[in-house]
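Visitor: These protein sequence lines are chains A and B, in that order.
Under this note's numbering, the residues of the first sequence are numbered 1 to 115, in order.
Under this note's numbering, the residues of the second sequence are numbered 116 to 225, in order.
One structure is given below, represented as structure tokens, and several questions about it will come after.
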Amino acid sequence: NAGVMQNPRHLVRRRGQEARLRCSPMKGHSHVYWYRQLPEEGLKFMVYLQKENIIDESGMPKERFSAEFPKEGPSILRIQQVVRGDSAAYFCASSPPGTKKETQYFGPGTRLLVL
Amino acid sequence: GESVGLHLPTLSVQEGDNSIINCAYSNSASDYFIWYKQESGKGPQFIIDIRSNMDKRQGQRVTVLLNKTVKHLSLQIAATQPGDSAVYFCAETPDYKLSFGAGTTVTVRA
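Now the structure itself:
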């Protein structure tokens with residue numbers, strides 16, 4: 001059973017370009033979470049999605065950032081018009097369906113560098 | 116080596132010794148706690164979790180202790196090995212949004 005998959009693992013963008021980060025949850029998991037980690041810091045929650053629904057995006061910057069989890073295919077975190085401050089590691093986590101709090105399992109992350 | 120009660124950003128441990136990593140959490144409403152291990156260039160790896168109706172839980176070579184009165188969490192690693200070298204994060208949540216602590220970098224000396 002493969003774990004959470006993320007790609008690309010490394011992404012370099014110039015200021016003003018778009019970044020698209022992909023996340024495939026673990027098999028059987030229907031909940032996806034995105035977190036951002038700045039150097040030397042812990043992870044910060046960005047958004048929580050279920051299939052075709054954004055449940056909580058309270059951690060997302062109001063502009064330029066969006067996320068989706070379509071019925072088919074991976075979850076996408078999109079950053080438009082990237083700026084240097086967007087450089088960070090972006091981690092996706094998934095958990096199984098259910099109302100009880102479940103452990104979130106993390107992917108290897110995408111390290112975004114904005115030049 | 117061990118640190119008790121106080122959160123330290125780094126911990127140097129002799130191979131074979133026991134390690135204790137401490138974490139203070141802030142949200143009184145949190146009822147689910149997880150310890151993650153993060154190696155350089157990798158994502159957080161689940162180690163052990165505990166719910167607020169417990170104060171101790173044991174896994175393989177690891178034990179988590181929860182003190183809700185003082186909002187303190189600790190991770191004990193028995194017989195620390197070189198492969199245990201990593202950054203360790205505690206995470207708490209009252210719902211699903213994990214809040215991560217500052218992390219403790221554990222270095223194992225041969």
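Virtual Cβ for every residue (Gly too), placed ideally from N, Cα, C.
On a predicted model such as this, the values are computed, not experimentally measured, just so you know.
1) Pick helix, strand or coil for A/ARG22, following the three-state DSSP scheme.
2) In three-state terms, what does DSSP make of A/ARG78?
3) Run through the DSSP bridge pairs and tell me what A/GLN37 is partnered with.
4) How would you call A/GLN37, buried or exposed, if buried means at least 16 neighbouring beta carbons within 10 angstroms?
5) Which one of A/TYR33, A/MET46 and A/ALA88 has the shortest CA to CA distance from A/LEU113?
6) Along the chain, where does the beta strand (DSSP E) that runs through B/PHE161 open and close?
7) Using alpha carbons as the reference points, say which of A/PRO70, A/GLU40, A/LYS62 and A/TYR48 lies closest to B/THR220.
8) For the candidate residues B/ASP132, B/GLU130, B/ALA139 and B/GLY131, whose alpha-carbon lies nearest to that of B/PRO84?
9) Near A/ARG13, which residues of its chain fall below 6 Å by C-beta distance, leaving aside the five closest residues on each side in sequence?
10) With distances taken Cα to Cα, identify the nearest neighbour of A/ALA67 among A/SER58, A/MET60 and A/LEU77.
11) Report buried or exposed for B/ASP164, applying the criterion of at least 16 other Cβ atoms within 10 angstroms of its Cβ.
12) Is any beta-carbon of chain B found at less than 8 Å from that of A/TYR90?
13) Around the C-beta of B/VAL185, are 16 or more other C-beta atoms found within 10 angstroms, so that it is buried, or is it exposed?
14) Which residue wins for smallest C-alpha separation from A/GLN80, given the options A/PRO25, A/ARG15 and A/ARG22?
15) Taking only beta carbons into account, state which residues of the segment 30-44 of chain A come closer than 9 Å to chain B, listed in chain order.
16) Please name the residue or residues paired with B/TYR151 in a DSSP beta bridge.
17) Does any residue of chain C have a CB that is nearer than 8 Å to the CB of B/GLY198?
18) In angstroms with no decimal places, state the Cα-to-Cα distance between B/SER155 and B/VAL177.
19) Which residues in the same chain as B/GLY120 place their Cβ atom closer than 7 Å to its Cβ, once the five residues preceding and following it in sequence are excluded?
20) Pick out whichever of B/GLN173, B/THR195, B/ALA194 and B/CYS205 has its Cα sitting closest to the Cα of A/LYS44.
21) Chain B beta carbons: is any one of them nearer than 8 Å to that of A/PRO108?
22) Report the residue from A/MET46, A/PRO70, A/GLU72 and A/PRO74 whose alpha carbon sits nearest the alpha carbon of A/GLU63.
23) Grab me the residues of B/SER118's own chain with a C-beta within less than 8 Å of its C-beta, minus the 5 sequence neighbours each way, in chain order.
Guide: For this structure:
1) As a working mapping, residue 22 of chain A is identified with position 22 in the first sequence. In this structure, A/ARG22 counts as strand in the three-state DSSP scheme.
2) For the purposes of this step, residue 78 of chain A is taken as residue 78 along the first sequence, with counting starting at 1. Reduced to three states, the DSSP call for A/ARG78 is strand.
3) The residue you call residue 37 of chain A lines up with position 37 of the first sequence. Partner(s): A/LEU43 and A/ALA89.
4) Position 37 of the first sequence, counted from the first residue, corresponds to residue 37 of chain A. A/GLN37 should be labelled buried.
5) Taking the first residue of the first sequence as position 1, residue 113 of chain A is located at position 113. It is A/ALA88 whose Cα lies nearest to the Cα of A/LEU113.
6) As a first step, residue 161 of chain B is located in the second sequence; it is residue number 46 there, counting from the start. Element bounds for B/PHE161: 160-166.
7) Numbered from 1 along the second sequence, position 105 holds the residue referred to as residue 220 of chain B. Cα-wise, what sits closest to B/THR220 is A/GLU40.
8) Not covered by the structure: residue 84 of chain B. The range shown for chain B is 116 to 225.
9) Walking along the first sequence from the start, residue 13 of chain A turns up at place 13. Closer than 6 Å at Cβ, skipping near neighbours: ALA19, VAL82 and VAL114.
10) Position 67 of the first sequence, counted from the first residue, corresponds to residue 67 of chain A. Selected option, being the one with the closest Cα: A/LEU77.
11) Taking the second sequence and counting its residues from 1, one reaches residue 164 of chain B at position 49. With 16 or more Cβ atoms within 10 Å of its Cβ, B/ASP164 is classed as buried.
12) By 1-based counting over the first sequence, the position of residue 90 of chain A is 90. Chain B, which has no Cβ nearer than 8 Å to the Cβ of A/TYR90, makes this no.
13) Looking up residue 185 of chain B in the second sequence gives position 70. Flag for B/VAL185 reads exposed.
14) Within the first sequence, residue 80 of chain A is the residue found at index 80, counting from 1. The candidate whose alpha carbon is nearest that of A/GLN80 is A/ARG15.
15) HIS31, TYR33, TYR35, GLN37, GLU40, GLU41, GLY42, LEU43 and LYS44
16) Residue 151 of chain B sits at position 36 when you count from the first residue of the second sequence. B/TYR151 is bridged to B/PHE161 and B/PHE204.
17) Absent from the structure: chain C. Protein chains present are A and B.
18) As a first step, residue 155 of chain B is located in the second sequence; it is residue number 40 there, counting from the start. As a first step, residue 177 of chain B is located in the second sequence; it is residue number 62 there, counting from the start. Approximately 21 Å, taken between the alpha carbons.
19) On the second sequence, position 5 is the one that residue 120 of chain B refers to. A caution first: B/GLY120 carries a pLDDT of 45, below 50, which makes its placement in the model too unreliable to give a value.
20) What you label residue 44 of chain A is simply residue 44 of the first sequence in a count that begins at 1. Out of B/GLN173, B/THR195, B/ALA194 and B/CYS205, B/CYS205 has the C-alpha closest to the C-alpha of A/LYS44.
21) Residue mapping note: residue 108 of chain A aligns to position 108 of the first sequence, counting from 1. Interface residue, yes.
22) As a first step, residue 63 of chain A is located in the first sequence; it is residue number 63 there, counting from the start. Looking at the Cα atoms, A/MET46 is the closest of the given residues.
23) Locating residue 118 of chain B in the second sequence gives position 3, where the first residue counts as 1. Because B/SER118 sits at a pLDDT of 34, beneath the cut-off of 50, its placement in the model cannot be relied upon, and the following sentence gives the value as read from the coordinates. Hits under 8 Å: LEU126, ILE135, ILE136 and ASN137.
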